[in-house]
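Novice:
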Amino acid sequence: MVRDKPVGLMPVATAINRVLALAIGRQRPETVALQDADGRVALDDIFAASDVPPWDNSAMDGYAVRAVDAVADASLAVSQRIPAGCSPGPLHPGSAARIFTGAPLPAGADSVVMQENTELIEPFQADREGQVRILQTASKGENVRRCGADIARHALLVSRGQRLWPADLGLLASAGVASVTVGRLPTVALVTSGSELREPGQDLQAGQIYNSNRYVLQAMLARLGIKAQSVIHLPDSEEQTRKILQQLSQDHDVVISTGGVSVGEEDYMRAVMQKLGQLDIWKLALKPGKPFTLGQINHTLFFGLPGNPVSAFVTFILLVRPALLAMMGAEQAELPLHRVVAAFEASRSGERQEYVRARLSGCDAQRAVEPLDDQSSGVFSSVSRADGLAIIPPHTAVARGDTLSFIAFSDIF
1 MVRDKPVGLM PVATAINRVL ALAIGRQRPE TVALQDADGR VALDDIFAAS
51 DVPPWDNSAM DGYAVRAVDA VADASLAVSQ RIPAGCSPGP LHPGSAARIF
101 TGAPLPAGAD SVVMQENTEL IEPFQADREG QVRILQTASK GENVRRCGAD
151 IARHALLVSR GQRLWPADLG LLASAGVASV TVGRLPTVAL VTSGSELREP
201 GQDLQAGQIY NSNRYVLQAM LARLGIKAQS VIHLPDSEEQ TRKILQQLSQ
251 DHDVVISTGG VSVGEEDYMR AVMQKLGQLD IWKLALKPGK PFTLGQINHT
301 LFFGLPGNPV SAFVTFILLV RPALLAMMGA EQAELPLHRV VAAFEASRSG
351 ERQEYVRARL SGCDAQRAVE PLDDQSSGVF SSVSRADGLA IIPPHTAVAR
401 GDTLSFIAFS DIF
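With full-length UniProt numbering, the residue at position 286 of the sequence shown is 286, and numbering never jumps.
As structure tokens, this is what we get:
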């Protein structure tokens, strides 16, 4: 079944909400080792089972002391040597313990005098005490990392729906977490279509162009940690299109296609989807990227992107990427919008919201944005030179100094 949407353009926000409504609830959990969790989405809140550090420890190489004993010019007996990983004995009044960074503080000690503020008189030996002179009076708690100062027991480490990055893995490792329940990565098939397309490295004949969409979308998927399990190029053949889509729908969660869903005589995707499943044809209030299709074959989601490279790139960012993240379990699937200042003038009288390839300048507090020259949906070179997409709402006149929303490519890549 194919359902053409009513006459009129669908707002981008509406399209995003409808895509997410189909994607949310498709999460499937799996448990992975911590070293494999980078970029994955936690499906449970994770709490600390114990304090970190689990005991008071030294922040410096020096001498563990009782502050009341460690006054300037005092000489203290060195009763023990405490390297990291050692379990120390108690510290008796009037003595000091040689201690190293990260080593546990002995019972009875309440401060650490850094090595630079001491003078060694006699080094500690296994069979006899040493002697050290204190050059600067110590204060209680000085150079001591308290138990639980980094992470308190029962503290929330990671929230459900949070996408994990290296710092999160370090935090979890610090708390002794060895594995994480995450959303399973969706299995994705990538389909490009068109008899005019050739792969890079092949010779071009008259009327042929190189298939760039495949490589852009494969890389975009990889940024999400997803490797396309099937990458297929279809010629303009209805029979081959039907056969391949039917096969892909049996063992993939998502099929992403570029081109082939227009009303052209050689665009067979529409006819095949009508026979195999359901396809919604949307006309989006979006530039570039007006045509977009969303469908299902059995339980497999189908995303049909425009064939123009820039349009495919923009619709993937705005619609497909959030859907995939939602399927992975992410609570925040959409990209953040930054506020920037227009360093240009423009007037938009149409109904489509425009996503302008642009470069940034200035400091963080006052970032200025300026569009690149050629904004044609077929000119991909401007994407590679851009810092992101400046958003110009429909029916809007932009003056220099106006505030605009901006999608930063640095948030994606």
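For every residue, glycine included, the Cβ atom is placed at its ideal position computed from N, Cα and C.
What residue from Ala70, Thr101 and Cys86 has the CA that sits closest to His92's CA?
Specialist: Here residue 92 refers to the residue found at position 92 of the sequence shown. Out of Ala70, Thr101 and Cys86, Ala70 has the C-alpha closest to the C-alpha of His92.
Novice: Below 7 Å CB to CB, which residues in the same chain sit around Gln218 once its five sequence neighbours on both sides are set aside?
Specialist: Translated into positions along the sequence shown, residue 218 becomes position 218. Leu190, Ala228 and Val231.
Novice: For the pair the region 133-146 and the region 9-21, tell me if three or more CB-CB distances fall below 8 Å.
Specialist: Because the criterion of three Cβ pairs below 8 Å is not met, the region 133-146 and the region 9-21 do not touch.
Novice: For Ser193, does the three-state DSSP call read helix, strand or coil?
Specialist: Along the sequence shown, one-based indexing puts residue 193 at 193. In the structure shown, Ser193 sits in a strand (DSSP, three-state: E or B).
Novice: Is the beta carbon of Asn57 sitting closer than 8 Å to the one on Ala107?
Specialist: Translated into the one-based positions of the sequence shown, residue 57 becomes position 57. Translated into the one-based positions of the sequence shown, residue 107 becomes position 107. No.
Novice: Return the bridge partner residues of Ile392 from the DSSP annotation.
Specialist: The sequence position of residue 392 within the sequence shown is 392, counting from 1. Note: Ile392 sits in a beta bridge opposite Glu354.
Novice: Have a look at Ile297, Leu279, Ile82 and Arg214 and flag the residue whose alpha-carbon is nearest the alpha-carbon of Asp253.
Specialist: Taking the sequence shown and counting its residues from 1, the one referred to as residue 253 is at position 253. Measuring from the Cα of Asp253, the nearest candidate turns out to be Ile297.
Novice: Measure how close the beta-carbons of Ala152 and Asp73 come, nearest whole angstrom, since I'm counting them as under 8 Å.
Specialist: As a position in the sequence shown, residue 152 is number 152, starting the count at 1. As a position in the sequence shown, residue 73 is number 73, starting the count at 1. About 39 Å; that fails the 8 Å criterion.
Novice: Mind checking who Met10 pairs with in its DSSP beta bridge?
Specialist: Within the sequence shown, residue 10 is the residue found at index 10, counting from 1. DSSP lists Leu284 as partners of Met10.
Novice: Spell out the partners DSSP gives Val314 in its beta bridges.
Specialist: If you number the sequence shown from 1, residue 314 lands on position 314. Val314 is not bridged to any residue.
Novice: Classify Gln274 as helix, strand or coil using the three-state DSSP reduction.
Specialist: Taking the first residue of the sequence shown as 1, we reach residue 274 at position 274. Residue state, collapsed to three classes: helix.
Novice: What would DSSP say about Tyr63, mapped onto helix, strand or coil?
Specialist: To locate residue 63, count along the sequence shown from 1; it is residue 63. Strand, per DSSP.
Novice: Does the Cβ of Ile281 have 16 or more other Cβ atoms within 10 Å, making it buried, or fewer, making it exposed?
Specialist: Here residue 281 refers to the residue found at position 281 when the sequence shown is read from its first residue. Classification of Ile281: buried, given that the 10 Å Cβ count is 16 or more.
Novice: Quick check for students: name the residue ranges of the beta strand (DSSP E) that lie wholly in the region 284-309, counting only runs of 3 or more.
Specialist: List check, beta strand (DSSP E) in window: 291-297 and 300-305.
Novice: Going by DSSP, which residues form a beta bridge with Ser347?
Specialist: As a first step, residue 347 is located in the sequence shown; it is residue number 347 there, counting from the start. Looking at the DSSP assignment, Ser347 forms a beta bridge with Ala397.
Novice: Looking at C-alpha atoms only, which residue of Val255, Met327 and Phe292 is the closest neighbour of Ser311?
Specialist: Position 311 of the sequence shown, counting from 1, holds the residue named residue 311. The option with the nearest alpha carbon to Ser311 is Phe292.
Novice: Which residue marks the beginning of the beta strand (DSSP E) containing Thr181, and which one marks its end?
Specialist: Locating residue 181 in the sequence shown gives position 181, where the first residue counts as 1. It spans Ser179 to Gly183 - the beta strand (DSSP E) in which Thr181 sits, taken as one unbroken run.
Novice: Please classify Asp168: is it buried, with 16 or more other beta-carbons within 10 angstroms of its beta-carbon, or exposed?
Specialist: Taking the first residue of the sequence shown as 1, we reach residue 168 at position 168. It is buried - the Cβ of Asp168 has at least 16 other Cβ atoms within 10 Å.
Novice: Helix, strand or coil for Glu265 per DSSP?
Specialist: The count along the sequence shown starts at 1 and reaches residue 265 at position 265. Legend: pLDDT at Glu265 = 46, less than 50; position of this residue unreliable, no value from coordinates given.
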